[in-house]
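Chemist:
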């Protein structure tokens with residue numbers, strides 16, 4: 006594995022790979038890898054000849070009172086994990102490399118960023134799309150892998166790539182969970198033991214809502230009440246939102262039919278956690294995607 010910190014070195018390596026016919030896979034991250042990140046690397050490795058992982062904690066997507074300075078990091082640990090997953094290039098730029106001067110050009114995706122996390126983090130997604138657009142420009146034509154835990158981010162990045170005709174295929178990969186159901190996140194490192202136990206209520210609420218839909222419930226308000234009622238039983242969890250929206254355009258729905266995203270966000274201790282499930286309701290079937298549980302050897 007090569008580790009590079011300069012954009013021109015990254016471009017040279019991916020250009021050389023494409024020159025010999027290699028297909029490039031790309032996994033953009035903010036580091037502090039867990040099994041969810043590693044599952045993205047594994048998917049990229051399985052489907053491509055040359056794999057790039059970026060590790061950059063992007064200040065543009067943090068609000069003024071958010072956890073930029075405290076965001077967890079461990080470069081040695083991350084490097085070992087990336088190498089173990091067969092990554093070819095680990096890109097570890099500095100902030101000065103990504104933003105060499107104050108940025109006056111940003112990327113905004115309208116509509117999809119208005120609700121869910123965009124409501125309480127109004128500048129967040131502009132920061133995400135701006136840095137991802139820059140990274141896509143540096144890597145060039147590729148397949149890019151994102152986890153479905155960040156369902157809104159995935160929808161926003163996919164729409165950005167389509168609208169701007171970027172030569173990037175954006176691929177969503179399964180949400181990865183701990184054995185107790187907690188969605189894996191780098192921010193789980195913030196959780197004290199009692200908060201960690203309390204946070205599992207989010208996935209339990211989603212499982213309960215999934216059972217309601219599987220048993221025939223189609224009223225979005227009823228599913229919303231199931232979510233909020235169960236989460237309210239855990240005083241350590243302060244709900245930000247629980248929403249039932251169209252899985253494609255993220256607009257609220259009243260009836261659960263077709264593809265629907267059920268998403269929650271909450272503050273637990275020092276961490277802000279998100280979780281979701283996708284429900285596909287057809288004429289004769291109901292499919293629920295709650296993600297996958299990490300293998301024991303992947304848990305950290």
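In our numbering, the protein residues as written are 6 to 305.
Beta carbons are placed, not taken as given, at the ideal position from N, Cα and C, and that holds for glycine.
With a CB to CB cut of under 8 Å and the five nearest residues on each side skipped, what residues in its chain are close to residue 178?
Modeler: One-based indexing of the chain shown puts residue 178 at position 173. Closer than 8 Å at Cβ, skipping near neighbours: 44, 45, 48, 150, 151, 152 and 153.
Chemist: Within a Cβ cutoff of 6 Å, which residues of the same chain sit near residue 285, ignoring the five residues on either side of it in sequence?
Modeler: If you number the chain shown from 1, residue 285 lands on position 280. Around residue 285: 264 and 292.
Chemist: Residue ranges of each beta strand (DSSP E) run of no fewer than 3 residues wholly in the region 97-173, ordered along the chain?
Modeler: As far as the region 97-173 is concerned, its whole beta strand (DSSP E) runs of at least 3 residues are 147-152.
Chemist: Return the chain-ordered ranges of every beta strand (DSSP E) run that is complete within the region 45-78 and spans a minimum of 3 residues.
Modeler: Listed in chain order, the complete beta strand (DSSP E) runs (minimum 3 residues) inside the region 45-78 are 55-60.
Chemist: Can you tell me the Cα-Cα spacing of residue 215 and residue 290, whole angstroms?
Modeler: For the purposes of this step, residue 215 is taken as the residue at position 210 of the chain shown. For the purposes of this step, residue 290 is taken as the residue at position 285 of the chain shown. The alpha-carbon atoms of residue 215 and residue 290 are separated by roughly 13 Å.
Chemist: Return the first residue and the last residue of the alpha helix (DSSP H) that residue 271 is part of.
Modeler: The residue you call residue 271 lines up with position 266 of the chain shown. Run containing residue 271: none in the alpha helix (DSSP H); it sits in the beta strand (DSSP E), 263-273.
Chemist: Which word fits residue 197, buried or exposed, when buried means at least 16 other C-beta atoms lie within 10 angstroms of its C-beta?
Modeler: To locate residue 197, count along the chain shown from 1; it is residue 192. Residue 197 is exposed by the Cβ-count criterion.
Chemist: Assuming residue 94 and residue 15 are in contact, meaning their beta carbons sit under 8 Å apart, how far apart are those beta carbons, in whole angstroms?
Modeler: Start at 1 with the first residue of the chain shown, and residue 94 comes out as number 89. Start at 1 with the first residue of the chain shown, and residue 15 comes out as number 10. Sure, about 7 Å apart at Cβ, within 8 Å.
Chemist: Given a cut-off of 8 Å on the beta-carbon distance, is the pair residue 68 and residue 195 in contact?
Modeler: What you label residue 68 is simply residue 63 of the chain shown in a count that begins at 1. What you label residue 195 is simply residue 190 of the chain shown in a count that begins at 1. In this structure, residue 195 does not lie closer than 8 Å to residue 68 by Cβ.
Chemist: Under the three-state reduction of DSSP, which class applies to residue 177: helix, strand or coil?
Modeler: Taking the chain shown and counting its residues from 1, one reaches residue 177 at position 172. Note: residue 177 maps to strand in three-state DSSP.
Chemist: Pick from 170, 105 and 211: whose alpha carbon is nearest that of residue 11?
Modeler: Within the chain shown, the letter at position 6 stands for residue 11. Of the candidates 170, 105 and 211, the one whose C-alpha sits nearest the C-alpha of residue 11 is 105.
Chemist: Go ahead and label residue 186 buried or exposed: buried means 16 or more other beta carbons lie within 10 angstroms of its beta carbon, across all protein chains shown.
Modeler: Counting from one through the chain shown, the residue named residue 186 turns up at place 181. So residue 186 counts as buried.
Chemist: Does the Cβ-Cβ distance between residue 145 and residue 19 come in under 8 Å?
Modeler: Stepping through the chain shown from its first residue, residue 145 is reached at position 140. Stepping through the chain shown from its first residue, residue 19 is reached at position 14. A contact, by the Cβ cut-off of 8 Å.
Chemist: Buried or exposed for residue 199, please, with buried defined as at least 16 other CB atoms from any protein chain shown within 10 angstroms of its CB.
Modeler: Translated into the one-based positions of the chain shown, residue 199 becomes position 194. The residue in question, residue 199, is exposed, as its Cβ has fewer than 16 Cβ neighbours within 10 Å.
Chemist: Where are the alpha helix (DSSP H) runs, 4 residues long or more, that stay fully inside the region 220-244, in chain order?
Modeler: Counting only runs of 4 or more, we get 225-236.
Chemist: Specify, as a first and last residue, the run of the alpha helix (DSSP H) that residue 15 falls within.
Modeler: For this step, residue 15 is matched to residue 10 along the chain shown. Residues 12-24.
Chemist: State buried or exposed for residue 63, treating a residue as buried only when at least 16 other CB atoms are found within 10 Å of its CB.
Modeler: Position 58 of the chain shown, counting from 1, holds the residue named residue 63. Under this definition residue 63 is a buried residue.
Chemist: State buried or exposed for residue 224, treating a residue as buried only when at least 16 other CB atoms are found within 10 Å of its CB.
Modeler: As a working note, residue 224 is residue 219 in the chain shown. Exposed, since its Cβ has fewer than 16 Cβ neighbours within 10 Å.
Chemist: For residue 33, list the residues DSSP reports as bridge partners.
Modeler: Within the chain shown, the letter at position 28 stands for residue 33. BP columns for residue 33 point to 59.
Chemist: Quick one, are the C-beta atoms of residue 52 and residue 26 less than 8 Å apart?
Modeler: Counted from its first residue, the chain shown places residue 52 at position 47. Counted from its first residue, the chain shown places residue 26 at position 21. Going by C-beta atoms, residue 52 is not nearer than 8 Å to residue 26.
Chemist: Please state the DSSP three-state secondary structure of residue 294.
Modeler: In the chain shown, the residue the question calls residue 294 occupies position 289. In the structure shown, residue 294 sits in a strand (DSSP, three-state: E or B).
Chemist: Could you please give the first and the last residue of the uninterrupted alpha helix (DSSP H) stretch that includes residue 278?
Modeler: Residue mapping note: residue 278 aligns to position 273 of the chain shown, counting from 1. Looking at the DSSP string, residue 278 is not in any alpha helix (DSSP H); the run it does join, the beta strand (DSSP E), is 276-286.
Chemist: Considering just the uninterrupted stretch of the alpha helix (DSSP H) at residue 202, what are its terminal residues?
Modeler: Stepping through the chain shown from its first residue, residue 202 is reached at position 197. Element bounds for residue 202: 198-204.
Chemist: Can the beta-carbon of residue 118 be found less than 8 Å from the beta-carbon of residue 135?
Modeler: For the purposes of this step, residue 118 is taken as residue 113 along the chain shown, with counting starting at 1. For the purposes of this step, residue 135 is taken as residue 130 along the chain shown, with counting starting at 1. No.
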